[in-house]
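2 protein chains.
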Amino acid sequence: MDVGFDKETILTLSHLPPTMYSARAQKMRSSEIRELLKLTESEDILSFGGGMPDPTLFPMEEFVEIAEEVMRDVRALSYSPTDGIKSLRETVARLLAGKGIDVTYANVMITTGSQQALDLISKIYLDPGDVVVSESPTYLSAIGAFRSYEANTVGIEMDDDGMDTDKLRNYLEREGEKCKFIYTIPTYQNPSGITMSYARRRELLQIAKEYDKPIIEDDPYGELSYDGETIKPIKSMPNSDMVTYFGTASKILVPGLRAAWIVGSDEVLKKCSMAKQSTDLCSSALTQSIAKEFIDRGLLEAHLEKLRKVYKKKRDAILEAMESYFPPNVRWTHPNGGMFIWVTLPDGIDAKEILPKALEKGIAYVPGKSFYADGSGENTMRINFSFPTLEEIDEGMKRLGTLLKEVAG
Amino acid sequence: MDVGFDKETILTLSHLPPTMYSARAQKMRSSEIRELLKLTESEDILSFGGGMPDPTLFPMEEFVEIAEEVMRDVRALSYSPTDGIKSLRETVARLLAGKGIDVTYANVMITTGSQQALDLISKIYLDPGDVVVSESPTYLSAIGAFRSYEANTVGIEMDDDGMDTDKLRNYLEREGEKCKFIYTIPTYQNPSGITMSYARRRELLQIAKEYDKPIIEDDPYGELSYDGETIKPIKSMPNSDMVTYFGTASKILVPGLRAAWIVGSDEVLKKCSMAKQSTDLCSSALTQSIAKEFIDRGLLEAHLEKLRKVYKKKRDAILEAMESYFPPNVRWTHPNGGMFIWVTLPDGIDAKEILPKALEKGIAYVPGKSFYADGSGENTMRINFSFPTLEEIDEGMKRLGTLLKEVAG
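Sequence order for the protein chains is R and P.
If you're matching positions, the first sequence starts at 114 in this note's numbering and goes up one per residue.
If you're matching positions, the second sequence starts at 114 in this note's numbering and goes up one per residue.
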């Protein structure tokens with residue numbers, strides 16, 4: 114019997130149109146982290162991979178009660194304004210006031226998750242060949258969003274105070290022309306866990322002004338602070354008109370609502386709104402109504418207190434476990450909040466290469482390379498601590514430590 | 114006192130970055146229909162504008178019961194697979210089998226409303242300057258989606274049997290090179306209400322094969338048939354591999370779930386899935402779970418029976434009212450299903466120009482021009498009959514008839 118296509122297959126294939134996808138489609142890549150999540154669906158794997166909140170903390174009973182009420186309003190089941198339902202926009206504006214961001218609902222727009230915020234902002238700013246400047250490493254799906262509009266991400270190194278603003282200035286001075294905006298996750302950054310200092314934030318704003326570059330400030334984790342101190346968003350600083358701010362309910366409430374928000378100038382929001390009309394018309398009024406009602410009933414503050422308490426314990430536990438089990442030539446960050454620890458292995462150890470061995474030992478993480486736009490970072494990995502239980506954290510880090518001692522010890 | 118900017122305003126403006134939006138953002142236009150919907154939010158206006166289902170038919174009680182159950186599963190509140198939750202994909206595959214479309218869940222992908230299906234398909238196919246061929250007139254937000262990727266829509270005239278396939282063939286023969294795909298709403302088309310005959314569907318498929326052009330078949334209204342006969346989707350015909358099919362829960366269930374689906378080849382779905390990763394990561398697992406559960410409990414069939422019965426009455430009522438109240442030089446379509454009547458005024462009467470007068474009389478419609486990619490169709494309007502009550506239909510058409518007699522009688 115022949116190997117290869119049989120006649121029927123060839124006939125079927127010949128019926129398909131030739132490849133004539135867009136230039137951007139030919140550059141798209143499937144996100145490594147999403148593929149990985151598929152692997153870890155097996156229950157035997159302790160996953161430190163995704164950026165998942167702890168599902169045992171989901172406020173289900175409150176949601177059930179709220180859903181019962183909001184679903185009896187036809188508006189929750191209808192089409193809704195592209196910018197979001199007005200009541201949630203007002204509620205978000207009130208939340209933001211607590212973070213020092215002084216806006217009305219008119220400068221708040223609701224999106225289908227903050228991934229859509231990334232998509233819309235890319236859609237309105239980026240032409241093929243444009244550049245976005247970000248921290249390096251940075252959120253992998255931000256790189257993906259920029260790439261889907263054929264733009265390149267240029268990463269600026271970080272130290273313990275966040276993005277190195279001297280290096281940013283050098284870059285912009287040298288070849289900033291193609292840069293359309295600066296993308297930053299200043300607080301408890303994904304993937305590094307690093308927080309940008311107040312002085313750096315001020316300097317970043319200054320540089321953005323000097324070089325006339327908008328700042329996109331992505332802040333999914335700002336509320337998840339575990340050591341008391343917090344640094345206010347760049348968007349709360351004086352003269353921050355050029356900052357467009359992203360927030361989301363995914364990490365502070367639940368991801369399944371797909372409720373997030375863009376806060377920006379009239380002009381940016383008008384463009385984003387036009388882009389959203391052709392992108393998904395409107396976000397679900399039902400999930401928006403649930404988010405709005407949860408916050409309006411005053412339930413968010415107590416929920417956040419609970420998250421902070423539980424995640425702080427997990428953060429402490431994972432740092433302690435790393436200290437106990439990891440070999441001395443491995444380094445890691447000590448974040449004051451958020452969901453991630455960033456681990457750096459000795460040079461020459463490839464975190465992606467050893468992932469199959471980790472999966473054999475029943476643990477998963479995300480190789481750090483995915484977070485580098487330039488393909489570097491082979492010897493790094495991102496470890497999530499919000500999702501696993503305390504027991505899983507200890508057991509998982511023990512297993513990872515064993516592996517690291519085998520390959521790097 | 115000076116007219117114009119004061120000093121403070123100038124200072125604020127000078128802080129904003131210069132305009133440096135993308136080429137596509139500079140071409141975006143706000144949808145006329147969305148702006149119109151804002152106008153008609155006033156309760157005094159009888160709206161025949163939007164494409165809204167009758168909200169009094171929303172199955173609220175069933176939804177409340179279902180929501181209570183599905184919300185207790187953490188998966189409904191979590192991130193979910195980019196392609197959609199597997200159980201809904203399976204459920205949709207079963208629904209499609211009833212329409213003669215034979216696929217498994219693997220060829221079904223869930224989107225955030227079918228507007229997102231339009232966005233994703235545009236994202237994977239369209240480069241600036243590309244052409245999409247469609248019926249003329251066609252769905253205005255499809256034109257908007259194609260435009261947002263800097264592609265042009267070329268409309269092919271229709272007669273009572275749908276798109277004129279001879280004209281389609283002529284166009285493709287003459288200048289089909291730039292055409293990336295053929296977009297069609299063959300059944301109870303938006304905005305015209307026209308249904309493509311079986312013979313034309315076969316011919317369309319034949320032409321698409323000859324010229325190697327994928328067909329995008331958008332079918333939001335196929336289930337809403339009022340006169341017994343139905344024509345099966347193009348996607349159900351033999352050798353229809355090159356057809357990518359869109360369906361949605363918005364018109365047959367409720368729009369607020371934002372649950373829709375793309376049915377296509379492995380290759381097209383893989384590209385759409387990659388595009389969706391960077392667009393919104395995943396659709397809401399909660400709203401997907403509600404849609405899935407509603408269908409799995411066997412509630413959809415009874416719900417559809419109710420919709421067909423009520424909308425048939427409304428369709429009959431609006432045709433009767435038009436017959437009674439419209440002047441003889443106005444023509445309109447007599448659709449066998451769907452939600453819209455297409456009205457053609459005498460040449461020289463501009464439906465957009467007389468809209469303010471209509472609003473004064475307390476009624477709203479969508480001027481037909483928005484549905485023409487080439488800006489023609491001034492003397493046409495789209496009238497929705499699913500949303501207004503029977504009384505509103507009679508009163509509204511009486512008022513519209515009075516206006517039409519004033520301007521065109």
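From the three backbone atoms N, C-alpha and C, an ideal C-beta is built for every residue, glycine too.
What you are looking at is a predicted structure, and each value in this text was computed from that prediction instead of being measured.
Asked                                                                                                                           : Found
Runs of alpha helix (DSSP H) wholly within the segment 407-473 of chain R (minimum 4 residues, chain order)                     : 412-438 and 468-473
Supposed close pair A404 (chain P), S391 (chain R) - CB separation, criterion 8 Å                                               : Contact doesn't hold; Cβ gap of about 23 Å is too wide.
Coarse secondary structure for M387 (chain R), derived from DSSP in three states                                                : helix
Contact list for the segment 279-311 of chain P against chain R, Cβ threshold 7 Å                                               : K293
Exposure of S305 (chain R), with buried meaning 16 or more beta-carbon neighbours within 10 Å                                   : buried
For R185 (chain R): DSSP bridge partner residues                                                                                : Note: R185 (chain R) sits in no beta bridge, so no partner.
Min CB distance K236 (chain R) to chain P below 8 Å                                                                             : yes
Proximity test, Cβ basis, 8 Å: E181 (chain R) and chain P                                                                       : yes
Option nearest G275 (chain P) by Cα separation, candidates P:A398, P:T300, P:V356 and P:C292                                    : P:T300
Secondary structure of P168 (chain R), DSSP reduced to three states                                                             : helix
Residue from P:E380, P:Y485, P:S261 and P:C292 with nearest C-alpha to M387 (chain R)                                           : P:S261
Interface positions of the segment 400-433 of chain P facing chain A (Cβ-Cβ less than 7 Å), listed along the chain              : Of the protein chains in this structure, namely R and P, none is chain A.
Segment limits, alpha helix (DSSP H) that includes G257 (chain P)                                                               : L253 to S261
Range covered by the alpha helix (DSSP H) that runs through S227 (chain P)                                                      : G226 to Y238
One or two residues paired with M494 (chain P) in a DSSP bridge                                                                 : P:V456 and P:P480
Validate contact between the segment 228-238 of chain P and the segment 371-379 of chain P using beta carbons, cut 8 Å, 3 pairs : yes
Contacting residues, own chain, Cβ-Cβ under 6 Å from G335 (chain R) (five flanking each side not counted)                       : T300
Interface flag, P368 (chain R) vs chain P, CB-CB below 8 Å                                                                      : yes
Sub-8 Å separation of M271 (chain P) and I328 (chain P) beta-carbons                                                            : no
Interface flag, R185 (chain P) vs chain R, CB-CB below 8 Å                                                                      : yes
Closer than 9 Å at the beta carbon, the chain R residues around G257 (chain P)                                                  : M387, Q390 and S391
Distance between beta carbons of R137 (chain R) and E263 (chain R), contact taken as under 8 Å                                  : 5 Å
Cβ of D119 (chain P) within 8 Å of any chain R Cβ                                                                               : Its pLDDT being 34, under 50, D119 (chain P) is placed unreliably by the model, and nothing is read from it.
Partners in chain R for V443 (chain P), counting only beta-carbon separations shorter than 9 Å                                  : Under the 9 Å cutoff, chain R gives no residues; its nearest Cβ is about 29 Å from V443 (chain P).
Which listed residue (R:T446, R:M452 and R:R512) has its alpha carbon closest to that of K470 (chain R)                         : R:R512
Enclosing beta strand (DSSP E) for T297 (chain R) [first to last residue]                                                       : C292 to T297
Listed by chain order, chain R residues near S499 (chain P) by CB distance under 9 Å                                            : Per Cβ cutoff of 9 Å: no residues; S499 (chain P) is ~12 Å from chain R at best.
Cβ distance (whole Å) where S402 (chain R) is taken to contact G197 (chain R) below 8 Å                                         : Actually they do not touch by this definition, with Cβ atoms about 11 Å apart.
For D272 (chain R), the three-state DSSP class (helix, strand or coil)                                                          : strand
Interface partners of S397 (chain R) on chain P, CB under 7 Å                                                                   : G369, L370, R371, S397 and T400
Contacts of T225 (chain P) in chain R (Cβ-Cβ under 7 Å)                                                                         : T225 and D393
For E330 (chain R) and K348 (chain R), believed in contact at Cβ under 8 Å, the rounded distance                                : 6 Å
Under 8 Å by beta carbon: chain P residues contacting L190 (chain R)                                                            : P168, F171, M173, F176, V367, P368, G369 and L370
Rounded separation between P250 (chain P) and Y485 (chain P) - CA only                                                          : 5 Å
Which of helix, strand or coil DSSP assigns to E330 (chain P)                                                                   : strand
Same chain only: Cβ atoms within 7 Å of E505 (chain R), ignoring 5 sequence neighbours per side                                 : L159
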